[in-house]
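Asks: Chains as they are written, first to last, in the working numbering: chain A, 1 to 526; chain E, 1001 to 1264. Heads up, the beta-carbon is just placed ideally off N, CA and C, and yes, glycines get one too. These numbers come from a predicted model, not from an experiment.
In structure tokens, the structure reads:
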């Protein structure tokens, strides 16, 4: 044995004798994970979070979260002599006078955008494949929490530099806060320590941004990952994959190498964007003063849909008992997001209530095999996309020579009309894909090869699928309608009727091809 | 050479030569007749400039603005708008208007500098108003303060023209144009005359000195290097979000697909 191996062995033994780590590591390092690109979307979010922690720490070395008024005399001449807050001044200093400061700021901001989009992409994957089903409902809830905190965290980061765009965003947040009936103004005074903008807000959100929320993220991400570890990762259906096993590769060495490598890929892409593309050029915006605003002020994309909803709202206000209720802010700014996020959080429980399915699921659904769920997902995405388009209505108007009023009306109508259309179209497409699958299993793949028989008959040769492929296309279980004589409790009252109706809709499915179907087609008959 | 000399005797050489000669003469005549009679205007004095401007006005503007520039149902009166307004509107090609649906848009000027000056002189002769300026008369480099200009710009202009002068949307298809690459004199004239939807910034609201500062800041913004890399249009988070999704997440999903493929 080589000397180095001996030394390593002795060291490992030394540690093991004192910690008993070998047994634990042996068990866990060989843990198997399934392999699919869509399982790496959450990883992108995780690695962006690590990048955010690292770059964010760098930024805190120079950032001064204070609204104390200073006069700028740094190296960016167009702002020389301008009065501004210390927060803005230190961000300028960080951008122009700290080596690598601007790059770090830009990596931090790009990583934040990618963090949020990776979370959303991961959410789509989990939703459309039904990965949230029993036993993973808690993890779904944690995910919804992470998404919500991510939106808040991103918004606070956008607000910290105290440039004109930041202040505009805070002003809108203040307006939404004030729109809460009765207590709104008190909440606003509480949050800002007096009238807007005051001097307390930036120091407060700084602590929330760099301590409170990152701490919460760390805790929630840890639980999120521990649950994945404990409950095992879900897998796509395929030959040899069951509800009781996990087919894939061991953590050590395959995933250690892959995940480690992928971290550097994520870091590389964010660093690349940070190096070549300007993001939030705060020096162009100038310092915030409540008397100024720029045309085309937008939030970052993950808040853009909210802004779009607020922009679409007609001017509705009521005055009652000495209080003003601004429906135009309250509905798009609080009520609709509240409904969307509550619905999203409760969805696993709602679906299981509708289908009556209380079983554990470790095999994922192919989205087409759950047409109602897939259609609902596309419906929600359509709603958010229409709002998001309206969030950028002024930029779209100037760059595509459209009228801003036209886009607003498109949104007002589209928010109600397009999502239902999206539902029907998606459901039809899903059912058609199911039919296509059935056809493929029964008749095989069309090869495009024409053969002329001795009697002159022309035939197209169909190539039968492999058994593995056939299995993948037919393994899913159809959602069953609730048993015909429903238990009396199930259909009583309005709630029961709604449930029965939704359940019937959910059971509309194209049956997968069975062995009997195949045999019937079998002998000689094409 | 040999090919040309042999072609000389070809039987279609004659007709081709005639066609070429006709084409050359025709083009030359067309160009010559399209050129304005520059010689004559060069030497005229103010009164002839006014009468010349009036002639152009009657020909090109009066159908909307009225025979005496008194305005009509579709166009405003031009009495008292001053030469600054004419220089801005005609010099940037906004007038004559091509499309009356939204607002006059910047295009290739229809009248040249001489004709514009004549029109401006005619309109200025109707009643006193803000006078046109030249780029040379605007000593913004010497008298302006770009930091002050930036503050004035953000207070008075950015709400329509965007924080970096990139332009922005107004109601019903109207818009505040981009100020990038606009000549200083047009910016000055726009401020004093308030064209289209733009408010008028009189010398009492923003002093001439401050106007020079705004111009200086705009020139700086115009030539400002993109400090952090590609500017993405300087329109804020919309393009940033688009790039984050398409390029950022796009590349990463590509990498994930590639990694998952390798394991097979």
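Can you list the residues of chain A that residue 1171(E) reaches, using a CB-CB cut of under 7 angstroms?
Replies: 404 and 405
Asks: Any residues in the stretch 240-269 of chain A with a beta carbon nearer than 8 angstroms to a beta carbon of chain E? Which ones, in chain order?
Replies: 249, 254, 258, 261, 262, 265, 266 and 269
Asks: Output needed for residue 1116(E): all residues of its chain with C-beta closer than 8 angstroms, excluding positions within five of it in sequence on either side, in chain order.
Replies: 1086, 1087, 1090, 1091 and 1109
Asks: Should residue 395(A) and residue 1159(E) be called a contact, given that it needs their Cβ atoms to be closer than 9 angstroms?
Replies: no
Asks: Is the beta carbon of residue 343(A) sitting closer than 9 angstroms to the one on residue 1151(E)?
Replies: no
Asks: What's the C-alpha gap between residue 369(A) and residue 1229(E)?
Replies: Computed Cα separation, rounded: 46 angstroms.
Asks: I need the DSSP call for residue 519(A), collapsed to helix, strand or coil.
Replies: helix
Asks: Give, in chain order, every residue of the stretch 1144-1175 of chain E whose Cβ lies closer than 7 angstroms to some Cβ of chain A.
Replies: Those would be 1146, 1147, 1150, 1151, 1154, 1155, 1158, 1159, 1160, 1161, 1162, 1163, 1164, 1167, 1168, 1169, 1171, 1172, 1173 and 1175, in chain order.
Asks: DSSP three-state call for residue 105(A): helix, strand or coil?
Replies: In this structure, residue 105(A) counts as helix in the three-state DSSP scheme.
Asks: Check distances from the C-beta atoms of the stretch 1212-1243 of chain E to those of chain A and list, in chain order, the residues that come in under 9 angstroms.
Replies: 1217, 1220, 1221, 1224, 1226, 1227, 1228, 1229, 1230, 1231, 1232, 1233, 1234, 1235, 1236, 1237, 1238, 1239, 1240, 1241, 1242 and 1243
Asks: Are the CB atoms of residue 72(A) and residue 282(A) within a distance shorter than 9 angstroms?
Replies: no
Asks: Under 8 angstroms Cβ to Cβ from residue 64(A), same chain only, skipping five residues before and after it: list those, please.
Replies: 86, 87, 89 and 90.
Asks: Going by other Cβ atoms of all chains shown within 10 Å of its Cβ, with 16 needed for buried, is residue 1211(E) buried or exposed?
Replies: buried
Asks: Ends of the beta strand (DSSP E) at residue 445(A)?
Replies: Bounds of the beta strand (DSSP E) holding residue 445(A) are 445-452.
Asks: Does any residue of chain A bring its CB to less than 9 angstroms from the CB of residue 1251(E)?
Replies: True, the Cβ-Cβ gap to chain A drops below 9 angstroms.
Asks: Residue 122(A) and residue 235(A) - do their beta-carbons sit closer together than 9 angstroms?
Replies: Their beta carbons are not under 9 angstroms apart, which means residue 235(A) does not touch residue 122(A) by this criterion.
Asks: Skipping 5 residues on each side, what residues in its chain have a beta carbon closer than 7 angstroms to that of residue 40(A)?
Replies: Cβ neighbours of residue 40(A) beyond the five flanking positions: 262.
Asks: Nearest to residue 337(A) by CA position, among 479(A), 421(A), 310(A) and 5(A), is which residue?
Replies: Measuring from the Cα of residue 337(A), the nearest candidate turns out to be 310(A).
Asks: Check whether the stretch 435-452 of chain A touches the stretch 502-512 of chain A, taking contact to mean three or more Cβ pairs, one atom from each stretch, closer than 8 angstroms.
Replies: Three or more Cβ pairs drawn from the stretch 435-452 of chain A and the stretch 502-512 of chain A lie within less than 8 angstroms of each other, which places the two stretches in contact.
Asks: Inspect the CB distances between the stretch 49-69 of chain A and the stretch 104-118 of chain A and report whether three or more fall short of 8 angstroms.
Replies: They touch, by the three-pair rule.
Asks: At 9 angstroms on the CB atoms, spell out the chain E contacts of residue 88(A), in chain order.
Replies: Within chain E, no residue comes near residue 88(A); the closest Cβ sits about 13 angstroms away, beyond 9 angstroms.
Asks: Given that a residue counts as buried once 16 or more other Cβ atoms are within 10 Å of its Cβ, and exposed if not, what is residue 1039(E)?
Replies: Low confidence applies here, because residue 1039(E) scores a pLDDT of 43, under 50, leaving its location unreliable; read the following figure in that light. So residue 1039(E) counts as exposed.
Asks: Go to residue 252(A), then tell me how far its alpha helix (DSSP H) extends in each direction, as first and last residue.
Replies: Note, residue 252(A): premise wrong, no alpha helix (DSSP H); not H, not E.
Asks: Sort out for me which residues DSSP pairs residue 1176(E) with in a bridge.
Replies: 1168(E)
Asks: If you reduce the DSSP assignment to three classes, tell me which class residue 1219(E) lands in.
Replies: helix
Asks: Taking three-plus beta-carbon pairs below 8 angstroms as touching, is the stretch 448-464 of chain A in contact with the stretch 406-413 of chain A?
Replies: The stretch 448-464 of chain A is not in contact with the stretch 406-413 of chain A.
Asks: Using 9 angstroms as the limit for Cβ to Cβ distance, is residue 40(A) near chain E?
Replies: yes
Asks: Could you run through the stretch 66-98 of chain A and flag, in chain order, every residue whose CB is less than 8 angstroms away from some CB of chain E?
Replies: Taking 8 angstroms as the Cβ-Cβ cut-off against chain E, the residues of the stretch 66-98 of chain A that qualify are 77, 78, 79, 80, 81, 82, 95 and 96.
Asks: Residue 398(A) touches chain E at which residues, Cβ-Cβ below 7 angstroms?
Replies: 1167, 1168, 1169 and 1175, listed in chain order.
Asks: For a cutoff of 9 angstroms on Cβ pairs, would you count residue 271(A) as touching chain E?
Replies: no
Asks: When you check each C-beta in the stretch 108-121 of chain A against every C-beta of chain E, which residues fall closer than 7 angstroms?
Replies: 110, 113, 114, 117, 118 and 121
Asks: Residue 1056(E) lies in the alpha helix (DSSP H); which residues open and close that run?
Replies: 1046-1060
Asks: Name the residues in the stretch 1078-1107 of chain E whose C-beta lies less than 9 angstroms from a C-beta of chain A; which are they?
Replies: For the stretch 1078-1107 of chain E, which is checked against every Cβ of chain A, the residues closer than 9 angstroms are 1102.
Asks: Could you tell me whether the stretch 1233-1247 of chain E touches the stretch 112-122 of chain A, where touching means 3 or more Cβ pairs closer than 8 angstroms?
Replies: The stretch 1233-1247 of chain E vs the stretch 112-122 of chain A: in contact.
Asks: Can you name the residues of chain E whose CB is closer than 7 angstroms to the CB of residue 275(A)?
Replies: 1229
Asks: Quick check on the burial criterion: 16 or more other C-beta atoms within 10 angstroms. Buried or exposed for residue 428(A)?
Replies: exposed
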